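S.K.:
Protein chains: 2
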Amino acid sequence: MLARNLAQGRSGQIAVVVPYLDTPYFSELLQSVIRAARVSGYNVLIDQTDGDPEHERAFIADGSRRLLFDGVIFSPLGLDQQALTNRDRRLPLVILGERSSDGSFDHVGIDDVAASRQATEHLIDLGRQRIAAIGDQPYATGEAAQRRTRGFREAHAARGRTPREDLIISTPRFNRPDGAQAMEHLLDLAEPPDAVFCYSDLVALGAIRTLLSRGLRVPEDVAVVGYDDIEDGRFSNPTITTISPDKEMIATTAVERLLLRISSPTPPAGLELRAPHKLIIRESTAGRSTPG
Amino acid sequence: MLARNLAQGRSGQIAVVVPYLDTPYFSELLQSVIRAARVSGYNVLIDQTDGDPEHERAFIADGSRRLLFDGVIFSPLGLDQQALTNRDRRLPLVILGERSSDGSFDHVGIDDVAASRQATEHLIDLGRQRIAAIGDQPYATGEAAQRRTRGFREAHAARGRTPREDLIISTPRFNRPDGAQAMEHLLDLAEPPDAVFCYSDLVALGAIRTLLSRGLRVPEDVAVVGYDDIEDGRFSNPTITTISPDKEMIATTAVERLLLRISSPTPPAGLELRAPHKLIIRESTAGRSTPG
DNA sequence: CTGAAAGCGCTAACAC
DNA sequence: GTGTTAGCGCTTTCAG
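One line per chain: the protein sequences are A and B, in this order.
15 is the number that numbering that gives the first Met the number 0 gives to position 16 of the first sequence; each next residue is one higher, with no gaps.
243 is the number that numbering that gives the first Met the number 0 gives to position 244 of the second sequence; each next residue is one higher, with no gaps.
#1: Is residue 129 of chain A closer than 8 Å to residue 193 of chain A when the C-beta atoms are compared?
#2: Give a yes or no on contact between the stretch 210-228 of chain B and the stretch 150-160 of chain A, applying the rule of three or more CB pairs nearer than 8 Å.
#3: For residue 231 of chain A, return the contacting residues in chain B, with the cut-off set at a CB-CB distance below 7 Å.
#4: Any idea if residue 124 of chain B is buried or exposed, counting beta-carbon neighbours within 10 angstroms, 16 or more meaning buried?
#5: Just confirm the distance between the C-beta atoms of residue 136 of chain A and residue 169 of chain A, as a whole number of angstroms; I'd bet it's less than 8 Å.
#6: Rounded to whole angstroms, what is the Cα-Cα separation between residue 138 of chain B and residue 174 of chain A?
#7: Indicate the three-state DSSP secondary structure (helix, strand or coil) for residue 151 of chain A in the structure shown.
#8: Among the residues of its own chain, which have a CB less than 8 Å from the CB of residue 247 of chain B, if the five just before and after it don't count?
#9: Could you name the residues of the stretch 171-183 of chain B whose beta carbon sits closer than 9 Å to any beta carbon of chain A, in the order they occur along the chain?
#10: Excluding the 5 residues preceding and the 5 following residue 66 of chain A in the sequence, name in chain order all residues of the same chain whose CB lies nearer than 8 Å to its CB.
#11: Could you give the DSSP three-state label for residue 189 of chain A: helix, strand or coil?
#12: Just to confirm the assignment: which complete alpha helix (DSSP H) runs, minimum length 4, are found wholly within the stretch 92-170 of chain B?
#13: Rounded to whole angstroms, what is the Cα-Cα separation between residue 197 of chain B and residue 178 of chain B?
#14: Return the residue from the list B:176, B:188, B:142, B:33 that minimises the CA-CA distance to residue 164 of chain B.
#15: Which value, in whole angstroms, describes the spacing of the CA atoms of residue 289 of chain A and residue 51 of chain B?
#16: Closer than 7 Å between beta carbons: that is the criterion. Which residues of the stretch 208-220 of chain A meet it against chain B?
#17: Within 10 angstroms of the Cβ of residue 0 of chain B, are there 16 or more other Cβ atoms? Answer buried if so, exposed if not.
#18: For residue 261 of chain A and residue 69 of chain A, what's the separation of their Cα atoms in angstroms?
#19: Kindly say whether residue 53 of chain B, judged by its beta-carbon, lies nearer than 8 Å to any beta-carbon of chain A.
#20: Counting only C-beta atoms, is residue 7 of chain B closer than 8 Å to chain A at any point?
#21: Could you name each continuous beta strand (DSSP E) segment of 3 residues or more that falls completely within the stretch 182-267 of chain A, going from the start of the chain to the end?
#22: Would you check if the distance between the CB atom of residue 111 of chain B and the CB atom of residue 143 of chain B is smaller than 8 Å?
#23: Mind checking residue 284 of chain B: buried by the 16 CB within 10 Å criterion, or exposed?
#24: Are the C-beta of residue 248 of chain A and some C-beta of chain B separated by less than 8 Å?
#25: Could you check the C-alpha separation between residue 93 of chain B and residue 241 of chain B for me, to the nearest Å?
#26: So that I know if they touch, is there some Cβ in chain A lying closer than 8 Å to that of residue 23 of chain B?
#27: Going by DSSP, what residue range makes up the alpha helix (DSSP H) through residue 68 of chain B?
#28: Taking the Cβ atom as the reference point for each residue, do residue 95 of chain B and residue 229 of chain B lie within a distance shorter than 8 Å?
#29: Suppose contacts are defined by Cβ-Cβ distances below 8 Å. Is residue 29 of chain A in contact with residue 20 of chain B by that definition?
#30: May I ask whether a heavy atom of the ligand FMN can be found less than 7 Å away from the beta carbon of residue 40 of chain A?
#31: Measuring alpha carbon to alpha carbon, tell me which residue in A:53, A:214, A:119 is nearest residue 195 of chain A.
#32: Can you list, in chain order, the residues of its chain with a C-beta nearer than 7 Å to that of residue 184 of chain A? Leave out the 5 residues immediately preceding and following it.
#33: Quick check on this structure: which residue in B:225, B:256, B:270 has the alpha carbon closest to the alpha carbon of residue 279 of chain B?
#34: Rounding to the nearest angstrom, what Cα-Cα distance links residue 80 of chain A and residue 18 of chain A in this structure?
#35: Starting from residue 94 of chain A, find everything on chain B with Cβ-Cβ shorter than 7 Å and list it in chain order.
#36: Run through the DSSP bridge pairs and tell me what residue 296 of chain B is partnered with.
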């Protein structure tokens, strides 16, 4: 088997590299990737980077690992633009999430700016006055977060409003503890928000936990919208209004493009593939049984 | 790199095989396994079986895949005792979760019977009268579930009570929808339960969702205890009382034993390693701020 | 159509 | 200590 790979010059395996496995968004996405790859006879090999830039770089820069897998689907976290360019060009690569591409790889994700804008407009249209955003990352590796912040601002502009800068909170990651802590901070403000746009459902879950344990009601006192549409948000109390990316399509598209790259003698042009998303309204903005 | 493996007869990789990646219990455990393996210079290769017995069998029976990885940490779901015995004995193997071993592999987990008994006794000691159990699996591959049911019965016996058979509900898996559905069923009974022992936190989350959307209060009307201590249960509303297995120890022990097996010229005796667990009391049985 | 030989890229053991 | 060769287990090619 191993010898066969050596002889054939291919392994029949593709690697999927994600920052964290315990993030539901990734594990749900992985499911779909594994299934999509399996129908094409490919096995999937998963690697977790912990968001470590060194580890991430090694994966795409080090040509020696080639042959262990025929291609990589990669969701980078701590990698800047340059590291992506200084990669081993021979390794077929598809990037997940929004990234500017240099044309040597494909890249699939939803339109984060538009989605974030839509989420924020929903909050504005609910009549909320002081809308917070949790999850900004104003530094080089926070490209994805910054796109959401841009959407947040655009929504305000589109409705003739000005976002309150002190209500845009940065967090190191997009997880529950981050969300809970950011919400604590927001509630300690002189004028706390009456709505929050969270950059992930995990952040929203953490924020809601803080709100409820402080005795506030969701959505009556504070409306919350999340991002990712993970299963947790469909069973939480309250359920979470969220941006739902079409994970199935992201996964199948990524696999499809990667296999095409693998089998293609001459590398195809790098594409920006955009999967659809939708806003799903649930209790955290609509309340128990009175949507709208 | 690939050639090196061929020449050396080892790959420096271990495989971890789990049924579902999107089950938080597994993804949290995987994190620890990956880290433990990494400090020993091993890379981790993850595979998801979807609980498919065929796929599971192939992994341990098919010697041809040997050399792709030096050993396997395996959490079987649809595999019966026989399949585990008819395996390729040359492949170093460690099984996760409770399983009777034939001595050719190690096997690490917590004491499910004792833990389940403890969880149930907690409910009894709260003064609950009609205690349900959600998650039994009364068939060949449901060994783990059955141990929890045994603990449930033992707790009743220890307190001089008789479990109500109609309150022991079977579910195909241990996830949120299963829990939600089982709870619907229980609430439609003439005499619904006033407490529930769920065989996973996911089941508990689903059950709580059903309770709350039916207008019942947790824990006032129905107390709920879960199993696994996943992060969700620490941020849900209410937070979940649960059996907390020492995942870190399970992971490090599994890796340690596997590496020992890999490096050992003569296979060590198969051990039954038991990791500690504890009952963590939270809001779903203790209420908001009045523990006990 | 079946069978032997060369070689995938690297390591280990050996000789120089 | 450095240089060379056999060979890991399979595939592929070429000759029989």
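Using N, Cα and C, we set each Cβ at its ideal position, and we do this for glycine too.
All values reported here derive from a predicted model rather than from experimental measurement.
M.R.: Taking the geometry as given:
#1: Residue 193 of chain A sits at position 194 when you count from the first residue of the first sequence. Residue 129 of chain A sits at position 130 when you count from the first residue of the first sequence. Contact flag set, yes.
#2: no
#3: Walking along the first sequence from the start, residue 231 of chain A turns up at place 232. What residue 231 of chain A touches in chain B: 231.
#4: By one-based count along the second sequence, residue 124 of chain B stands at place 125. It counts as exposed.
#5: Residue mapping note: residue 136 of chain A aligns to position 137 of the first sequence, counting from 1. Residue mapping note: residue 169 of chain A aligns to position 170 of the first sequence, counting from 1. About 6 Å; that satisfies the 8 Å criterion.
#6: Taking the second sequence and counting its residues from 1, one reaches residue 138 of chain B at position 139. Taking the first sequence and counting its residues from 1, one reaches residue 174 of chain A at position 175. Whole-angstrom Cα-Cα distance: 38 Å.
#7: Locating residue 151 of chain A in the first sequence gives position 152, counting from the first residue. Reduced to three states, the DSSP call for residue 151 of chain A is helix.
#8: Here residue 247 of chain B corresponds to residue number 248 of the second sequence, with the count starting at 1. Excluding positions up to five away in sequence, the list reads 31.
#9: 174, 175, 176, 178, 179
#10: Within the first sequence, residue 66 of chain A is the residue found at index 67, counting from 1. Counting only Cβ-Cβ distances below 8 Å, and skipping sequence neighbours, we find 4, 5, 8, 9, 10.
#11: Translated into positions along the first sequence, residue 189 of chain A becomes position 190. In this structure, residue 189 of chain A counts as coil in the three-state DSSP scheme.
#12: 111-124, 142-157
#13: Residue numbering aside, residue 197 of chain B sits at position 198 when the second sequence is read from its first letter. Residue numbering aside, residue 178 of chain B sits at position 179 when the second sequence is read from its first letter. Straight-line Cα distance between these residues: approximately 8 Å.
#14: Reading the second sequence from its first residue, position 165 is the one you call residue 164 of chain B. Taking only the C-alpha atoms, the option nearest residue 164 of chain B is B:188.
#15: If you number the first sequence from 1, residue 289 of chain A lands on position 290. If you number the second sequence from 1, residue 51 of chain B lands on position 52. Legend: pLDDT at residue 289 of chain A = 47, less than 50; position of this residue unreliable, value from coordinates given subsequently. About 42 Å.
#16: 208, 211
#17: The residue labelled residue 0 of chain B in the question sits at position 1 within the second sequence. Residue 0 of chain B should be labelled exposed.
#18: Taking the first sequence and counting its residues from 1, one reaches residue 261 of chain A at position 262. Taking the first sequence and counting its residues from 1, one reaches residue 69 of chain A at position 70. So the alpha carbons of these two residues sit roughly 7 Å apart.
#19: Position 54 of the second sequence, counted from the start, is the residue given in the question as residue 53 of chain B. Not an interface residue.
#20: Numbered from its first residue, the second sequence carries residue 7 of chain B at position 8. No, because no Cβ of chain A sits closer than 8 Å to the Cβ of residue 7 of chain B.
#21: 194-197, 222-226, 240-244
#22: Counted from its first residue, the second sequence places residue 111 of chain B at position 112. Counted from its first residue, the second sequence places residue 143 of chain B at position 144. Contact flag set, yes.
#23: As a working note, residue 284 of chain B is residue 285 in the second sequence. Buried, by the Cβ-count rule.
#24: Reading the first sequence from its first residue, position 249 is the one you call residue 248 of chain A. Output row for residue 248 of chain A: interface = no.
#25: By 1-based counting over the second sequence, the position of residue 93 of chain B is 94. By 1-based counting over the second sequence, the position of residue 241 of chain B is 242. Cα-Cα distance, rounded: 26 Å.
#26: The residue labelled residue 23 of chain B in the question sits at position 24 within the second sequence. By this cut-off, residue 23 of chain B is an interface position.
#27: As a first step, residue 68 of chain B must be located in the second sequence, where it is residue number 69. Residue 68 of chain B -> no alpha helix (DSSP H), and no H or E assigned at all.
#28: Along the second sequence, read from residue 1 onward, the residue named residue 95 of chain B stands at position 96. Along the second sequence, read from residue 1 onward, the residue named residue 229 of chain B stands at position 230. Taking 8 Å as the Cβ cut-off, residue 95 of chain B and residue 229 of chain B do not qualify as a contacting pair.
#29: Against the first sequence, residue 29 of chain A aligns to sequence position 30. Against the second sequence, residue 20 of chain B aligns to sequence position 21. Contact: yes.
#30: Annotation note on the ligand FMN: not contained in the displayed structure, which lists no ligands.
#31: As a first step, residue 195 of chain A must be located in the first sequence, where it is residue number 196. Of A:53, A:214, A:119, the residue nearest in Cα terms is A:119.
#32: Counted from its first residue, the first sequence places residue 184 of chain A at position 185. The residues are 168.
#33: In the second sequence, residue 279 of chain B corresponds to position 280, counting from 1. The option with the nearest alpha carbon to residue 279 of chain B is B:225.
#34: Walking along the first sequence from the start, residue 80 of chain A turns up at place 81. Walking along the first sequence from the start, residue 18 of chain A turns up at place 19. So the two alpha carbons sit approximately 17 Å from each other.
#35: Position 95 of the first sequence, counting from 1, holds the residue named residue 94 of chain A. By Cβ distance, chain B contributes nothing, its closest Cβ being about 20 Å from residue 94 of chain A, past 7 Å.
#36: In the structure as shown, chain B begins at 0 and stops at 291. Residue 296 of chain B is therefore absent and cannot be evaluated.
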